[in-house]
Each structure stands twice: as structure tokens, then as C-alpha cells.
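These notes concern the structure reproduced below.
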Amino acid sequence: MIRGCLLVASFVVAAGCMKTSATYCARHGAEDPENCPPGDAAGETCMSNTDCADVAGRLVCNLEVGSCVQCNAASAQTTACEGPKPVCGADDTCRACISHIECPSSVCLPNGRCGNEDEVLFVVGSTTPSTNTACTRQSPCDKVQKALAVVPQRSYIKISGTLIEAVVVNNRDVTLLAAVGAMIANSANDTTVLAVTGSSHVDVHDLQIGDGNARTLGVRLDTAAGGSLLLHRVRIADNFSGGISAVGGQLSVLSSTISDNIKGGIVVRSTAGKFDIRNNFIYSNGTGSGTNTTLYGGVLIEADAAGKLEFNTVAFNEGNGLQNRSGIACYGASNSANGNLAYGNRDGVAGPDSALQIGGNCPTGTSFALGSGDLGFRNPSPATPDFHLTALSPSTVVDAGGMCKGSNGVDIDGQARPDNGACDVGADELDTP
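Count along the sequence shown starting at 1, add 366, and that's the number in the numbering used here.
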């Protein structure tokens with residue numbers, strides 16, 4: 367309240383001074399919008415929690431601003447934050463968790479809830495073999511296969527550190543979560559780092575698969591028709607025998623990076639089911655010449671399964687060009703290959719050609735292909751590329767992807783799209799001021 371002003375119901379009048387009452391508007395703002403704009407009803411004034419006792423949903427007093435709020439992390443008053451919204455945000459409202467460190471269990475589930483320790487198994491990589499088999503937070507095991515063997519089974523496995531093993535998930539529904547920097551690799555040649563088989567439904571979040579130390583295939587999906595694999599914010603890199611191979615089941619790859627896999631990035635064989643590959647950076651995969659030459663580079667889609675290959679940035683991939691284009695090779699008229707950005711991909715030893723970036727008969731919609739030139743990438747160097755767009759990116763890319771459908775509502779970083787009326791092509795949506 368402003369001193370010298372007289373409080374009158376919903377407003378204050380004195381010598382030309384007018385101010386709405388926070389108390390009145392908090393209680394009657396919905397029925398009196400003329401005198402109580404939405405901002406005036408946001409919180410009730412207070413000097414202690416006692417002043418907030420009758421304010422539904424805002425029982426905590428933020429003493430710094432003198433307003434009743436839902437929670438206040440600065441004063442450790444967060445008991446209102448639980449269930450699907452366990453974290454007190456900077457705006458003094460409860461929200462979903464977005465990182466593991468925000469949860470007492472150190473496990474933030476994909477739905478934004480903090481996981482309970484009794485529903486999660488914990489695996490921590492170690493250079494010294496461990497005999498632990500309980501896989502609890504206090505006594506973690508050192509292999510994913512040990513966690514998969516625990517009875518009763520758990521729905522979630524949290525991985526930390528570096529694991530050297532071949533993981534096989536067979537006839538099992540499980541979600542693999544990763545701490546920052548967590549990685550699975552394998553030291554044995556001619557093996558697969560992660561194989562999903564049988565009737566399994568597997569989700570993987572935030573994990574790196576592969577490290578270049580052996581002739582490995584990164585991921586193989588070979589399930590029955592009803593099986594599935596989701597890779598979300600995953601990095602599949604440095605696998606000699608290829609990044610991802612889907613032979614059976616339904617593959618989803620979202621907001622991930624697939625790079626530097628010598629035998630190619632992603633292949634979806636004709637025997638696989640419906641696929642969903644969106645908002646990914648797929649680069650520097652395949653080999654165009656020499657003894658390890660490959661029939662594809664970035665992405666090869668053989669399954670005509672009404673799948674989606676949309677809004678990916680596919681760049682600097684190589685193949686021999688004898689059967690497929692080295693950037694995007696997509697076959698199947700029922701599929702969608704809309705909104706992709708294909709750049710600098712190379713067939714054989716020839717220079718990159720704009721006309722040879724995309725091949726096959728999948729409808730390509732607003733996809734854009736360019737062999738060479740400046741697209742305003744944050745870093746266009748093939749050695750250390752960063753394919754995020756900048757203010758220098760041209761109109762052939764920015765706002766050139768058409769109207770976004772509901773399934774393409776975010777980019778590789780989780781930023782909402784479109785930012786400016788129409789989507790940008792490729793995996794990144796330019797965030798304009």
C-alpha cells in the first residue's frame with residue numbers, strides 16, 4: 367500500500383493517486399477484471415506465512431517481495447512441491463524436474479517426477495570390478511546386465527560414469543537414464559554395444575553409446591513387431607560398424623546426435639516397423655572411398671512404414687554413391703522426409719553436389735539440400751561442427767520449413783518451434799530476439 371492513499375475496496379484514491387489492492391484482487395480478480403488486471407491478482411501481500419494462511423495454493427510468504435507464493439526455495443519452504451511438480455522454481459511456483467540433481471534420489475524421470483529409490487536400479491562404472499549385485503543407490507553395481515538380472519525387476523536403471531560392456535535387453539520393458547557424461551562402450555570387436563531384442567520396449571535418455579576403441583555397432587533393434595526402442599537426447603558416436611541398425615520393431619530417435627560412425631549413421635531395414643526420426647544432428651558418418659567404403663552415409667530408410675524422417679540436420683556424411691545418396695536415402699512413398707536440411711554430404715571422391723544430397727522416393731516436402739556454401743552455422747568446420755543456426759543463416763533455411771505439425775513442436779534443444787511463424791528447416795530452430 368502507498369502511504370497517504372486511502373484504500374477503497376478494489377482501488378486507492380487520494381490526491382489523484384490510484385492503486386489496486388493485492389488482497390482484494392487475489393480474492394475477486396476473476397469477477398472484477400476491470401479493476402484487477404491479471405498481474406494484480408498474482409499474489410497476496412504478506413509479512414509472514416500467517417498472512418497467507420487463507421490464500422489457497424499460496425501458503426508461503428516470500429519476505430523479499432512481501433507476496434504470498436506457492437513455494438520459496440531461498441527459504442527452503444518447498445513442501446508444496448511434490449508428485450509431478452517436485453521442484454520449486456525461481457518464480458516461486460512448483461514445476462517438473464529437469465535434471466537429476468534437482469531430486470533427493472538423484473533421479474529425474476522423463477515425466478518430470480523425481481524417482482523413488484525403490485523403483486530405480488543404480489549402475490556406476492568402475493575400473494575395479496565390483497561384486498555388488500543389489501544395484502541400490504548405496505551399493506550400486508558396475509554393469510547394466512547385473513541390474514537387468516535383479517529380481518524383482520525395476521522400471522528404471524540410472525547409469526553413471528563409463529561402462530565397458532555389451533548390453534542385451536531381451537523381453538524386457540525398461541528405461542535407461544544417464545547422469546551427465548555417462549557412456550557405454552565395448553572393448554570387444556564385432557559386437558553391439560546395446561542390443562534390444564524379443565518383445566522389449568526400451569527407452570534411453572541422455573546416454574552416450576560408443577567410443578571408437580573397437581569394431582562395434584552402436585545400437586541394434588531386432589524385436590518382434592510390437593517391440594520398440596526410443597533414443598532421446600542420446601549421442602551415438604565413434605562406432606566402427608555403424609551407429610544404429612533397426613531390423614525389426616519400431617525405432618524412435620529424437621533430439622539426438624549420431625556422428626563419426628564409420629559404417630554409416632542410421633539404417634532402418636525393410637523388415638523394421640514404423641519409425642520416428644526427428645530433430646537430430648546426423649553428421650560425419652560413412653566412408654566414401656578406401657577399404658571401408660559404405661553403401662550409405664547419414665540415413666538409409668528401406669522400410670515403407672508411414673514413418674517420419676523430419677527436421678534433421680544431415681551433414682558431412684559420405685558413401686560410395688553406388689546405390690544410395692550419402693546424405694539422406696529414403697525409400698517408401700508412405701514415409702515423410704519433410705523439413706530436413708542436407709548439407710555437404712559427399713558421394714565417393716567427388717565434391718559435394720546439391721543435387722545428390724537426398725535420394726529415394728519419400729516425399730521430401732520443405733527439405734532443403736545444399737552441397738556447399740554458407741548457411742550461417744555456428745561453426746561450419748567439418749572438424750568441429752556446430753549446426754545451430756545464427757542471425758547470418760539465410761531465408762532458404764530460416765522460416766523455410768512451413769507450418770510445424772504438433773509432433774514437431776520443439777527442436778533439438780527443446781526450444782519451442784516455430785519461433786517466427788514458420789519452422790526453420792533442420793534440427794535447430796533459430797531463437798530470434
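We treat Cβ as the ideally placed atom computed from N, Cα and C, and that holds for glycine.
request  = Sort V680, T499, G593 and C418 by Cα distance to D752 and report the nearest one.
outcome  = V680
key: Cβ-Cβ distance between N774 and F677 below 8 Å   = yes
ask   = For G698, which option in S720, C770, L722 and T730 has the closest C-alpha, if you only look at C-alpha atoms?
value = T730
S692 to Q723 span [Cα, whole Å] = 7 Å
message = Measuring only the C-alpha atoms, how far is T502 from S526?
response = 13 Å
inquiry  = Using DSSP's beta-bridge definition, name the partner residues of C474.
reply    = C480
inquiry  = Please classify L666 as buried or exposed, where buried requires at least 16 neighbouring CB atoms within 10 angstroms.
reply    = buried
inquiry  = Quick check: what's the CA-CA separation for L452 versus M549?
reply    = Note that residue 452 is Pro in the sequence shown here, rather than Leu. Taking the straight line from one Cα to the other gives about 27 Å.
request  = Return the CA-CA distance between T389 and T411, expressed in angstroms with no decimal places.
outcome  = Summary for T389: the model assigns pLDDT 42, below 50, so the residue's position carries little reliability, and this model does not support an answer.
message = Please classify R744 as buried or exposed, where buried requires at least 16 other C-beta atoms within 10 Å of its C-beta.
response = exposed
inquiry  = If I follow the unbroken alpha helix (DSSP H) through K512, where does it start and stop?
reply    = V510 to L514
Whole-angstrom C-beta distance between V489 and I523, which should lie under 8 Å = 6 Å
ask   = What's the call for Q504, buried or exposed, on a 16-neighbour Cβ count within 10 Å?
value = exposed
message = Between R712 and chain B, is the shortest Cβ-Cβ distance under 8 Å, so that the two count as touching?
response = Chain labels in this structure do not include chain B; a single protein chain is all it has.
message = Quick check on DSSP: helix, strand or coil for A407?
response = In this predicted model, A407 has a pLDDT of only 45, less than 50, meaning its place in the structure is not dependable; the value taken from the coordinates is given anyway. A407: helix per DSSP, three-state reduction.
inquiry  = Short of 8 Å in beta carbon distance, which residues of its chain neighbour A462, apart from the five on each side in sequence? Order them along the chain.
reply    = P450, K451, P452, V453, N477, G478 and R479
message = So, at 6 Å on beta carbons, what are the nonlocal neighbours of A408 in its own chain, with the 5 sequence-adjacent residues on each side left out?
response = Bear in mind that a pLDDT of 49 at A408, under 50, signals an unreliable position, so the number given afterwards is only what the model happens to contain. Correct list: empty, nothing qualifies.
Endpoints, the beta strand (DSSP E) within which M769 is located = Per DSSP, M769 is not a residue of any beta strand (DSSP E), being assigned neither H nor E.
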